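**Q** Dumping the structure here so I can ask a few things about it.
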Amino acid sequence: MTALQTVCLLAVAVAGTATVLTRDPLRQAVASGSLGLALSVLFLAFGAPDVALSQIVVAGVAVPVMVLLALAKIRTVDRAAARDDAEEQ
Amino acid sequence: MSRRTRLVLGLGSLAGLGALLVWAVGGLPAFGHPRGPYADLAPRIMLDERHVANAVTGITFDLRGFDTLGEELILFVAALGAAVLLRALRTEGTIKAAAAYEERRGPGTADALRALGAVLVGPTLLLGIYVVVHGALTPGGGFQGGVLLAGALLLVYAAGQVAAVERVRPVSLVEVADALGAAAYTLVALAGLVFGVAVMDNVLPYGTTGSLLSGGTVPVLSVAVGVEVTAGVTLILSEFVDQMLLRSRRED
Amino acid sequence: MLAYLVAVWLLLAGLYGVITSRHLVHLVLCLGVMQASTYVLLLAIGWRDGGAAPIYADIPPNTPVVDPVVQALTLTDVVVEATVVAVLLALTVQAHKRFGTSDPDALGALRG
Amino acid sequence: MSVAPLAVLVPVLAATLLAATSPFVARRRLAGVVAVLAALASAVLCAAALAEAHGDTLVVWFGGWEPRAGVAVGIDFAVDPIGAAMALFVAVLGVAALVMCIEVIQVEDNLFDAIALVFIAAMVGYCLTGDLFNLFVFFELMSVCAYVLVGYEIRKRAPLEGSLTFAITNSIGSILLLCGIALLYGRTGALNLAQMGRALAEGPADGLVVVSYALVAGGLLVKAAAVPFHFWTADAYAVAPTPVGLLLGGAFSELGLFGLARVQWTVFHDVLAPHEAELRAILVGLGVLTAIVGAVMCAAQHHLKRMLAFATISHVGLFLVGIGLLDAAGLAGAAIWIVGDGLVKAALFASVGLLNDRFATVEEAELHGRGREIGGIGVLFCAGALAVASLPPFGPFLGKTLVEDAALTAGYAWVPAVMVVVSALTGGALLRVGVRVFLGRGVPAPEDPHSARAEGDRGGAGEREDEASLATVPALLWGPAVALMAAALAWGLVPGVVAAAGRAAERFVDVHSYAGLVLDGRPLPAVSSTLHGPGLTGWLYAAASVAGAVVVALAALAGVRDRAPRAGLRALETLRGLHSGRPGDYAAFTAAGVAVLGGLVALAVG
C-alpha cells in the first residue's frame, strides 16, 4: 500500500463519516462533495483513472447540482408555505 | 416502532453485520495481489485481439459490452422517470414564472455569471467531445464525456440564459436524443447478429492500436453512450432546474 | 487490509445514516456513502502492488497492471448510483411539495 | 446462434422507439398496441428459446467471447428449461399487463409503455443470464423501472410514498448484493456463475463464503420479500397502477427467489455441500416464517390491493420452502407453483383493477355488495380465491402437492400442515372479500383505521376519470383477467408438465454438468426424473386447504373478529404496527435480517 493510498483512505473514511453525521442538508451536501473528491483521488491512487474521471463528473457535477436544486426547491416551498401562513393570520 | 427501539435494533444489527464483514474481508487475498485469471486475461485480449489500448474501455464496450447496454438502459429509464416524476408538478405558468424569476434577479450578478458561463461553455464542450471519442485510447469514454457535455449545457443555464437554453435544449429534442442513444447501442448489438456470429459481436475492422478508430465497434458504442448520457443527464438536470424556476405555490 | 476496513466502515456508517435519518435528502446522500463502500471494496480487490493503470498507451505491453475488470464494474456502479440519486431526489421533491415535509418518518399513509 | 438475446433486445428497441417518437405522437393508444406487440414478440422469442433448448441448456456468448481454456472472459446467456420457462412466464404476464395499460393508463405520452417494456426486457434478461454481475445489472434495471412505474400516479400521496420506501429499501438490497459479488470476485477472480462455483469449491467454506452468501441471499430476498425484508412490498404493490401491480405480484417477487435458486446451486452448492442439512433448515424456517406472517397480515387487511400484496408475500414464503428443500423435487414443485400462482394472482389483480376502474375504490367496506352488477367477475374472483387455496385442478394445486411430497421425503413432515393453514388463511381471506363484494352477504367489513389516512388523499378518483361507460365492462380489462384465469386452469391440466418440470429441475441442480457445458463445452448427459403427479396425500391436503379456506371465509363473514380474544387482537395490532411505512424502520429490519442470516449460516458451517 502506498502512502498516498493510506492518506486517501483515511480521508475517505473521515469524509464519509462526516457526510452521515452532518444533519443540516446544505452542509451535508458539502461533506458529500468532499467525499466524492477524496474518492476520486483515491481511485487515481488505485490506478483507476477512468473511474476517477467518472467519479469526479458524477460527484463533482451531477449529484451536487441535483442535491442543491432539490434543496433550493424544498426551501422555496417552505418559504411560500410560511408566507401563506402569515397571510392567513 | 419508536425511534429508540429502532436505534437499538439498528445499532445491534450493525454491530453484528460489522463483525461478519470484518470476518469476510479477512478471507480476501492479501491487499495488492488480485486473484486471476480474469484480471490477467482481459487486458491481454483487448490489446492483442481488439487493438484497444485502454483495457477498461475495452472491457466496458466489448468483453462486457452487454452489461453496459443494461447500464445505459438504467440511465435511460431514470432520465425518463425523473422527467415523468417531476413534470407532474409543472403547471401552465412555467414559462411565465421562469421569466419572472429572471426579472427578480439582480442584473449585475447575472451579467457576471453570463460572462463566466459563456467563457466556460466552449472549453467544456470541447473537453467533453474529446473525452467521448478518445475512450479507447485514454481514460474516459462515452459516460464521462457525456456528463461533461451535459455540464456544458448546464453552464448555459447557470449563466441565466434561459432563453438561449430554450433554443439549445428544446426538451423534446433531448428526449429524442436520449432514446436514440439507447437505440443506437441496441442496434450495434444487433448488428453483431446480422453481420457477425453473435449478438454484441465486434463487426468493424479493429484498426491500429493507438489510432482514433481502433477497437472496431468500441468507439462507435462509446459515442452512442456519449449521446445517451449527454441527453439523459441534461434531461434530468434541466428538469430539476425547471423545478427551481417554477414559482412555488402550494397546490391543493 | 486498511482499504477493506474502510469499505466496511463506509457501509456501516451509511446504513446507520439511513436508519436514523430525519431528512430525505440526507437519507439519499447516506445511500451514496453506502454505495461508495462498494467502489472502495471493488477497486481495493483489484489493486496490484506496483501495478500501472491498465492503459497501454505509454507503458510497455508486458507491464503488470491493476485489474481492469473491477474498474469496469465500478464504472457501472457509479452510473447506477447517479441514477438512483436522481430518481430518489425527484421523489423527494415531489414528496415535500405534496406533504410539506422531508422527514422520512412522516411517511406511512398506507400502513399496517 | 440462439434467439434468446433477441427476447431482450426486441422489447428494448421498441421501447427506445416509443420514447423517441413520444414528443410527436399525441395518441397513445397506438403506442399501447406497439408495446403489446413488442411484448408478444418477446414472449414468442422466449418460447422459441425454450423450444430450441429442448430440455437441454443452451449457452450463448455475447460478442462470441467463448471461454479461454476454461476461463470465461465474456458474458453468457445460459438458457436452461427453468430459466427459459420463467422468462416466457414473465413475458406472457407482460403482454396481459400491457393490454390492460391501453385501457387503464390515461396519459398523453408514450413513456409509460416505454418504461414498462424495458421492465419486461430486464426481467427476461435476468432469467436467462449466466453471469453474476450481469444478473446484478438486470436486477438493478428492473428495480429502477419498477420505482418509476410504481410512482407513476404521482398526483396521489400513497404511490409517492410507496415508491420512496420501495426505492430506498431495494437500493440497500442491491448494495448488499453488490458487496457480496465483490467478495466473491475477490476470492474467485470470476464473474461467470459456473466458474465462480468451480473456483469457490477449491477453497474452504470460511468467513468470506458465509458472509458473501448472506449478502447475496439477503439482497435477493429483499426483492423476493421474505420476512424480515418484506416490509416495503405491501406499501409499493398496493399503490402501483393495476397492470404494474399485476407484474410485481405475479413475477417480480418470485424472480428474487429464482435468482436465489440460481446462485444457490451454481455458485454455492459445492462449497456448502457438507452443510446442506443445516442450510435447508434455515431456508425452510425462513420460508415458513414468511408464509405465516404474510397470511396473517393478508387476513387482517381490508384494502384489496394490499391484501393481494400480503398474499404474494405469504406465497413467496411457501415457494421459498420448496426451493429451500434443496432438491430437484422441491424445486420442480416450486417452479410449477410459481407459474400457477402467478397466473392466478395476476387474474386477481386484474379483477381488482376492474373494481377500481368502475367504483374508484379498493376498500372492502366501500365495495360491499356493489359488485353484484358484475357477477361474472365475481365468479372469476372467487374461483381465484379458491385456486389460491390450491383447489384442484388449477395450477397451484399441482405445484403445492409436489412441494408437499418433497417436504415429506426430506423429513419435514410438519411442513405440509403449515402449508395447509397458510393456503387456507390467504384463500379464505380472499374468498371472504369475494362474497362481501360480489354477493353483499355477511357482516360488512369494519372501517380500517390503518387505511383511513390514505383515504382522505385519494379524493375518490379512480385510475380512470371518465365515467362514461359504466354500462359495460371494458373488454381490455376483463379479457386479460379471464385469459389469465383460464391459463391458470390449463397449467394444471397440461399433460406431462410434471415430468417436464422434474427433468428441468434435475438439469438445474446438476451444477457439474452445467459448469462443464458452459466452461468446457462438454455435452450434457441425459437426465431423467421419477417425479409423478399428485398422490392420495396431495388430494387430501388440497381438500383440507379448500375446506379450511371456506371455514375461514365463513367465520370472517359471521363476524368472528368481534369475538376474538383481546390478546390475539393486541398481538395482531403489534404485528401491523411494525409495518409502519417508515424507511428507517425498514432499513433497520433489513440490517437485522442480514446479520441474523449471516449468523445462522455461520453457525451452520461451524
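Chains as they are written, first to last, in our numbering: chain U, 832 to 920; chain S, -16 to 235; chain D, 459 to 570; chain Y, 49 to 654. For glycine and all other residues, C-beta sits at the position ideal for the given N, C-alpha and C. The structure presented is a predicted model; accordingly, all values stated were derived computationally and were not measured.
With contact counted as at least three CB pairs below 8 Å, one residue from each stretch, are the segment 183 to 190 of chain Y and the segment 39 to 56 of chain S in contact?
**A** Yes, since at least three Cβ pairs between the segment 183 to 190 of chain Y and the segment 39 to 56 of chain S fall closer than 8 Å, the two stretches touch.
**Q** Assuming G586(Y) and V546(Y) form a contact by the criterion Cβ under 8 Å, report the distance between their Cβ atoms to the nearest whole angstrom.
**A** Not really, about 11 Å apart at Cβ, beyond 8 Å.
**Q** When the Cα atoms are used, what is the spatial distance from V81(Y) to L469(D)?
**A** Their Cα atoms are separated by approximately 45 Å.
**Q** Can you name the start and end residues of the beta strand (DSSP E) that D516(D) belongs to?
**A** No beta strand (DSSP E) holds D516(D); DSSP gives it neither H nor E.
**Q** Is it buried or exposed, V180(S), if we count other Cβ atoms within 10 angstroms and call 16 or more buried?
**A** Answer is exposed; the Cβ neighbour count stays below 16.
**Q** Is it the case that the Cβ atoms of E209(Y) and D283(Y) are separated by a distance below 8 Å?
**A** Result yes, Cβ atoms of E209(Y) and D283(Y) sit closer than 8 Å.
**Q** Mind pulling the chain D residues with CB within less than 7 Å of V185(Y)?
**A** Within chain D, the residues near V185(Y) are T534.
**Q** Can you find a CB in chain D that lies within less than 8 Å of the CB of V192(Y)?
**A** Yes - at least one Cβ of chain D is within 8 Å of the one on V192(Y).
**Q** Compare the C-beta of G35(Y) against all C-beta atoms of chain S and say whether one is closer than 8 Å.
**A** No answer is possible for residue 35(Y): the residues shown for chain Y start at 49 and end at 654.
**Q** Based on the DSSP output, what are the partners of A510(D) in its beta bridges?
**A** V523(D).
**Q** Tell me, please, which residues DSSP counts as bridged to W109(Y).
**A** Per DSSP, D124(Y).
**Q** Would you tell me roughly how many angstroms separate the C-alpha atoms of A515(D) and V115(S), rounded to the nearest one?
**A** So the alpha carbons of these two residues sit roughly 17 Å apart.
**Q** Would V608(Y) be called buried (16 or more neighbouring beta carbons within 10 Å of its own) or exposed?
**A** Exposed.
**Q** Does T281(Y) get closer than 8 Å to chain S when you measure Cβ to Cβ?
**A** T281(Y) does not count as touching chain S.
**Q** Buried or exposed: which applies to E621(Y), given that a residue is buried once 16 or more other Cβ atoms fall within 10 Å of its Cβ?
**A** Exposed.
**Q** In its own chain, which residues sit with a C-beta less than 8 Å from the C-beta of G540(Y), not counting the 5 before and 5 after it?
**A** Closer than 8 Å at the Cβ level, and outside the excluded window around G540(Y), lie G388, P440, P441, F442, G443, P444, F445, L446.
**Q** Can you tell me whether V575(Y) is helix, strand or coil according to DSSP?
**A** Coil, per DSSP.
**Q** Run down chain S in chain order and give the residues with a C-beta less than 8 Å from the C-beta of V896(U).
**A** Near V896(U) (Cβ distances below 8 Å), the residues of chain S are L137, L220, F223.
**Q** As a quick exercise: from E414(Y), H627(Y), I229(Y), P494(Y), pick the residue whose alpha carbon is nearest that of D610(Y).
**A** The option with the nearest alpha carbon to D610(Y) is P494(Y).
**Q** Answer with buried or exposed for Y113(S), where buried requires no fewer than 16 other C-beta atoms within 10 angstroms of its C-beta.
**A** By the 10 Å Cβ count, Y113(S) comes out exposed.
**Q** Taking C-beta pairs closer than 9 Å, name the residues in chain Y that L546(D) reaches, listed in chain order.
**A** Ordered by position in chain Y, the residues that pass the 9 Å Cβ test against L546(D) are Y195, L212, A215, I216, S219.
**Q** Strictly by DSSP, which residues pair up with E411(Y)?
**A** According to DSSP, E411(Y) bridges with H351(Y).
**Q** Alpha carbon to alpha carbon, how far is S197(S) from P276(Y)? Give it in angstroms, no decimals.
**A** Distance between the alpha carbons of P276(Y) and S197(S) is about 51 Å.
**Q** According to DSSP, is V542(Y) part of a helix, a strand, or is it coil?
**A** Looking at V542(Y) - three-state DSSP - the assignment turns out to be coil, as it is neither helix nor strand.
**Q** Between V5(S) and A458(Y), what straight-line distance do the alpha-carbon atoms span, to the nearest angstrom?
**A** Roughly 35 Å between the two C-alpha positions.
**Q** Does the CB of P122(S) have a neighbour CB from chain D at under 8 Å?
**A** Yes, P122(S) counts as interfacial toward chain D.
**Q** Determine which residues of the segment 497 to 518 of chain D have a Cβ less than 7 Å from any Cβ of chain S, and write them out in chain order.
**A** Flagged, chain order: A502, I503, G504, W505, R506, D507, P512, I513, Y514, A515.
**Q** Using 8 Å for Cβ pairs, my map puts V224(S) next to L58(S). What's the rounded Cβ distance?
**A** V224(S) to L58(S), Cβ: 18 Å. No contact.
**Q** Look at the Cβ atom of D525(D), then the Cβ atom of G504(D), and state whether they are nearer than 8 Å.
**A** Their beta carbons are under 8 Å apart, which means D525(D) touches G504(D) by this criterion.
**Q** Go ahead and pull the three-state DSSP assignment for T449(Y).
**A** T449(Y) falls in the helix class under three-state DSSP.
**Q** Taking only beta-carbon atoms, is A133(S) less than 8 Å away from chain D?
**A** Judged by the 8 Å Cβ criterion, A133(S) is not in contact with chain D.
**Q** Does the beta carbon of L241(Y) sit closer than 8 Å to a beta carbon anywhere in chain D?
**A** So, not an interface residue.
**Q** Quick one: what does DSSP say D283(Y) is sitting in, helix, strand or coil?
**A** Helix at D283(Y).
**Q** For a quick check, are the C-beta atoms of G472(D) and V491(D) less than 8 Å apart?
**A** Result yes, Cβ atoms of G472(D) and V491(D) sit closer than 8 Å.
**Q** Would you kindly work out how many angstroms separate the C-alpha atoms of A288(Y) and V600(Y), rounded to a whole number?
**A** Roughly 28 Å between the two C-alpha positions.
**Q** Going by beta carbon distance, what residues of the same chain come within less than 6 Å of G128(S), once the five residues before and after it are set aside?
**A** G111, V114, V115, G209, listed in sequence order.
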